[in-house]
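Enquirer: Convert by adding 1 to the 1-based position in the sequence shown; the result is the number in our numbering.
Mind looking over this structure? Questions follow.
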Amino acid sequence: MTASLRPLDLAALVLTIGGIAIYGMWKSRQKGSATEFLSGQHQTHWLTMALGILATQASAITFLSTPGQGFGDGLRFAQFYLGMPLALFVLGAWVVPRYMRSGARTAYEYLEGVFGPRVRGLAASLFLISRSLAVGITLYAPAIVLSALFGWNLKVTVLVIGAVVIAYTAFGGYKAVEVTQTAQMTVILLGLVAAFVVLLQGLPEGQGLTEVWSLNRAYGHTQVLDFEWNPASRYTVWSGLAGGFFLAMAYFGTDQSQVGRYLGGKSLTEIRRGFLFTGLIKFPMQLFILSLGLLLLARMHFADEPLWHNPAVAREWVGMRPDLDAQWAEVNEQRQQLAAQPETPERQAQLASLHERRNALKADAVAEVQATAPHLETKDQDYVFLGWALGHMPVGLLGLLLAVIMAGAMSSSSAEINALAATSVIDFGRVLGLRETLKTSRWVTAFWGLAAMGVALLASLYENLIQLVNLIGSLFYGPMLGIFVCAWLFKRLPWRAVFWGGILAESAVLSLH
């Protein structure tokens with residue numbers, strides 16, 4: 002069965018999201034130049050800039066998937082962000098000064114001063130292709146989860162989220178994105194703290210953070226740092242430092258959706274302060290969001306964990322394998338009995354054994370569904386957090402939590418749409434015959450917003466798209482970073498070498514994938 006929103010929750014959701022959009026339009030109501038609309042005028046305070054960077058990076062996928070990641074795998078995923086502070090330090094000390102001295106408004110405008118218009122056009126084209134696909138999926142991912150849980154029409158959900166984003170982004174441009182992202186990050190942080198408190202208070206009497214940690218330690222979920230040189234391990238300190246560093250260099254150094262956030266800073270000093278704040282807060286912020294998954298797992302030791310968190314799969318599963326249902330119920334019962342006991346080595350070993358049995362039963366259930374209903378999404382960790390919230394968040398706070406998910410989608414997509422418009426007008430204006438006027442900038446912004454909605458609607462034709470944003474980035478960031486490293490380090494290279502090298506590199510990545 003699908004859930005329904007209570008009137009107070011619906012009011013909280015509508016007032017929060019609508020209020021943020023109206024506030025953004027009001028704060029950006031003063032008419033300015035096309036430059037102010039597209040890229041700001043170096044007026045952004047370091048804290049506002051840092052919140053904008055975090056809000057652009059933290060899409061709705063973050064708040065749907067990350068608690069589920071913590072639920073299923075613990076805290077190890079946070080290591081993915083270990084390289085980010087180092088990358089921000091390198092960018093702030095070495096790259097941003099080059100951008101500032103060049104007077105560039107986009108990352109690709111800087112390239113023309115080094116290698117000429119063709120390399121600039123190539124890099125800008127790669128950005129437009131990759132980011133236009135990613136922003137559509139940024140809108141689609143939360144819409145598919147919300148429609149599954151509440152029975153909302155998927156296309157209508159996409160259209161509503163997209164229309165709100167287009168309204169304030171096309172009206173106020175850079176300034177509207179800036180002020181709404183500050184409000185959205187405030188809502189996001191408040192909603193996450195509220196969820197943490199509700200989860201903690203929902204534990205049985207006498208159970209607290211110590212017990213939550215103890216239960217999760219039995220499964221190895223409390224390990225934050227893994228120093229082993231194990232190629233088979235997906236998340237380690239070394240993969241986080243190396244992979245995270247280069248990914249952050251590409252994302253923050255070459256992607257206009259992020260470059261545009263900090264080039265609007267008041268000064269180089271302000272930008273560096275924003276980088277310092279972002280680098281220091283990102284890792285603990287991810288740990289906090291992952292810890293919601295640890296709390297969820299601990300809570301399900303004192304109540305029956307459903308076999309399926311995705312309502313569509315749960316409906317299809319009814320009566321399919323009663324024997325598996327009975328074994329799952331038995332595991333739940335045994336786990337509840339063990340959770341009530343004091344921590345001992347024997348209890349921890351028994352919990353670990355039960356967890357292995359639980360995972361084996363889940364794998365059997367997944368295989369059964371994939372054989373009988375292959376169209377259904379069986380990887381349902383993205384539904385764990387919101388599924389719990391529907392049944393346990395107090396009235397009003399559920400609406401706030403849904404506003405967090407909506408705000409995540411809006412904050413990320415609005416910055417991306419603004420960056421797409423800025424790149425189109427500034428980097429391709431002469432080629433496309435676009436005059437750099439406020440009217441043109443607004444129409445181009447609206448075009449990219451509609452294009453994002455179109456991609457989101459087409460995305461429903463495919464499966465397993467919630468993690469596709471990261472895949473799209475991996476297909477384009479390598480060649481993009483290569484082009485920019487040449488501009489930062491090897492300015493004397495002939496433009497043809499960089500241009501054709503970029504094309505060959507991108508062709509190789511796409512063909513190998």
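Using N, Cα and C, we set each Cβ at its ideal position, and we do this for glycine too.
Here the structure is a predicted model, which means the values were calculated and not measured.
Is any beta-carbon of chain D found at less than 7 Å from that of T279?
Expert: The structure shown has no chain D; it contains just one protein chain.
Enquirer: Let me confirm a value: M481 is counted as buried when at least 16 other C-beta atoms fall within 10 Å, else exposed. Which label applies?
Expert: Classification of M481: buried, given that the 10 Å Cβ count is 16 or more.
Enquirer: Assign R459 to buried or exposed, taking buried as 16 or more other Cβ atoms, counted over all protein chains shown, within 10 Å of its Cβ.
Expert: The identity of residue 459 in the sequence shown is Leu, whereas the question assumes Arg. Exposed is the call here.
Enquirer: Excluding the 5 residues preceding and the 5 following L140 in the sequence, name in chain order all residues of the same chain whose CB lies nearer than 7 Å to its CB.
Expert: For L140, where only same-chain residues beyond five positions count, the Cβ hits under 7 Å are V159, I162, G163, A410, S414, A453, M454 and A457.
Enquirer: Excluding sequence positions up to five away, which residues of its chain have a Cβ less than 6 Å from the Cβ of L339?
Expert: Within the same chain, L339 has close Cβ partners R348, Q351 and L352.
Enquirer: For G244, which residues in the same chain have their Cβ closer than 8 Å to its Cβ, ignoring the five residues on either side in sequence?
Expert: Around G244: F81 and G84.
Enquirer: Does the Cβ of I467 have 16 or more other Cβ atoms within 10 Å, making it buried, or fewer, making it exposed?
Expert: Low confidence applies here, because I467 scores a pLDDT of 45, under 50, leaving its location unreliable and the question unanswered by this model.
Enquirer: Give the secondary structure of Y463 by DSSP, where H, G and I count as helix, E and B as strand, and everything else as coil.
Expert: Reliability fails at Y463, whose pLDDT of 48 lies under 50, so the model's placement of it is uncertain and no value is given.
Enquirer: Leaving out five residues before and five after L226 in sequence, what residues of the same chain have Cβ atoms less than 6 Å from its Cβ?
Expert: Cβ within range, chain order: V238.
Enquirer: Evaluate the contact criterion for the region 100 to 115 versus the region 400 to 408: three or more CB pairs, one atom per stretch, below 8 Å.
Expert: No: the two stretches stay apart, fewer than three of their Cβ pairs being nearer than 8 Å.
Enquirer: Between the region 91 to 98 and the region 436 to 448, do at least 3 Cβ pairs fall closer than 8 Å?
Expert: Output reads no: the region 436 to 448 does not touch the region 91 to 98.
Enquirer: What is the residue span of the alpha helix (DSSP H) that K156 lies within?
Expert: Here the alpha helix (DSSP H) through K156 covers L155 to Q202.
Enquirer: Apply the 10 Å Cβ neighbour rule to R359 and answer buried if 16 or more other Cβ atoms are within range, or exposed otherwise.
Expert: Per the 10 Å Cβ criterion, buried.
Enquirer: Look at the alpha carbon of Q31 and the alpha carbon of A168, and state the distance between them as a whole number of angstroms.
Expert: Cα to Cα, Q31 sits roughly 16 Å from A168.
Enquirer: Nearest by alpha-carbon distance to D305: which of G122, W389, L291 and R493 is it?
Expert: With distances taken between Cα atoms, D305 lies closest to W389.
Enquirer: Which value, in whole angstroms, describes the spacing of the CA atoms of W523 and L281?
Expert: No statement about residue 523 is possible, as the shown extent of the chain runs from 2 to 514 and does not include it.
Enquirer: Tell me, to the nearest whole angstrom, how far the beta carbon of K28 is from that of K176; I am working on the premise that it is less than 8 Å.
Expert: K28 to K176, Cβ: 7 Å. Contact.
Enquirer: Taking only runs that begin and end inside the region 357 to 427, name each unbroken alpha helix (DSSP H) of 4 or more residues, in chain order.
Expert: You should have 385 to 393 and 398 to 423.
Enquirer: Should the region 274 to 293 be called in touch with the region 44 to 52, which here means at least 3 C-beta pairs below 8 Å?
Expert: At 8 Å Cβ cutoff, the stretches touch.
Enquirer: Report the three-state DSSP secondary structure of T45 (helix, strand or coil).
Expert: In the structure shown, T45 sits in a strand (DSSP, three-state: E or B).
Enquirer: Out of A59, G73 and L55, which has the shortest C-alpha to C-alpha gap to E357?
Expert: It is G73.
Enquirer: Under 7 Å between the Cβ atoms of I21 and T211?
Expert: No, these two residues do not count as a Cβ contact at 7 Å.
Enquirer: Please identify the residue among I504, F477, L451 and A506 whose C-alpha is closest to the C-alpha of A171.
Expert: Among I504, F477, L451 and A506, the Cα nearest to that of A171 is on L451.
Enquirer: With DSSP collapsed to three states, give me the class of G254.
Expert: Helix, per DSSP.
Enquirer: So who's on the other strand from G266, going by DSSP bridges?
Expert: According to DSSP, G266 bridges with T45.
Enquirer: Please list, in chain order, all residues of the same chain as V120 whose beta carbon is under 6 Å from its beta carbon, the five residues on each side excluded.
Expert: Result list for V120: L112, W496, V499 and F500, in chain order.
Enquirer: Based on Cα-Cα distance, which residue from M394, A219 and L399 lies nearest to D10?
Expert: With distances taken between Cα atoms, D10 lies closest to L399.
Enquirer: Among L296, L435, R322 and K380, which residue has its Cα nearest to the Cα of Q202?
Expert: Taking only the C-alpha atoms, the option nearest Q202 is L296.
Enquirer: Between A249 and L89, which are expected to be in contact by the criterion C-beta below 8 Å, what is the C-beta distance as a whole number of angstroms?
Expert: With a Cβ gap of about 7 Å, A249 and L89 count as contacting.
Enquirer: Using CA atoms only, rank isn't needed, just tell me which of M26, E334 and A124 is closest to A506.
Expert: The shortest C-alpha separation from A506 is found at A124.
Enquirer: Closest by CA to F284, which one among G474, R77, A195 and E179?
Expert: For the residues G474, R77, A195 and E179, the minimum Cα distance to F284 belongs to R77.
Enquirer: Could you name the residues of the same chain whose beta carbon sits closer than 6 Å to that of L127, not counting the 5 residues immediately before and after it, in chain order?
Expert: F477 and M481, listed in sequence order.
Enquirer: Cα-Cα, which of L490, P312, T63 and V178 is closest to Q259?
Expert: For the residues L490, P312, T63 and V178, the minimum Cα distance to Q259 belongs to V178.
Enquirer: List the endpoints of the continuous alpha helix (DSSP H) containing Y24.
Expert: Run containing Y24: P8 to K28, per the alpha helix (DSSP H) assignment.
Enquirer: Just tell me which of A51, C487, G320 and I23 has its CA closest to the CA of G265.
Expert: With distances taken between Cα atoms, G265 lies closest to A51.
Enquirer: In this structure, does DSSP put S508 in helix, strand or coil?
Expert: Three-state result, S508: helix.
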